[in-house]
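Residue 36 in our numbering sits at position 28 of the sequence shown; the count goes up by one each step and never skips.
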Amino acid sequence: MDATSQQAMMVGQRTARDGAPQPYIEVRFPRGTSQRILNAALHRLYANVEMATPEKERWNVHIEMRPDILIYSGGCVYLELAEGTPEEAERATAMLKDLVS
């Protein structure tokens, strides 16, 4: 079994510093997973989010690394929304949920 089969993903939403909603997909691997595996998984997820984002949406996609926190390694891919409205956050979160299901 390789490290990518041991990953866990979850969709959530946090609040950015400016108060706007920030939907994300968090990826967790067992602690000690190599940095190369983490980078590859997050960049693959980043590409999937970019490709799934509808042309009409003006969202920016970002990667955040979180190596070796407590009992897991990982990071997240999150969306910086254009307007930050609840409706936009709902659309973005639904898109991310579709990607991980």
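For each residue, glycine too, the CB sits at the ideal point set by N, CA and C.
Item	Value
Assess contact between the stretch 49–59 and the stretch 20–30, defined as three or more Cβ pairs (one per stretch) separated by less than 8 Å. Is contact present?	no
Which term fits R25, buried or exposed, when burial requires 16 or more other beta carbons within 10 angstroms of its beta carbon?	exposed
Return the first residue and the last residue of the beta strand (DSSP E) that P29 is part of.	29–38
Mind reading off the beta-carbon distance from L89 to A28? Whole number of angstroms is fine, and I expect it under 8 Å.	6 Å
Taking Cβ to Cβ, would you say S81 is nearer than 8 Å to L46?	yes
Please report the distance separating the alpha-carbon of M73 from that of I33.	12 Å
Tell me, which residues are paired with I71 by DSSP?	V85
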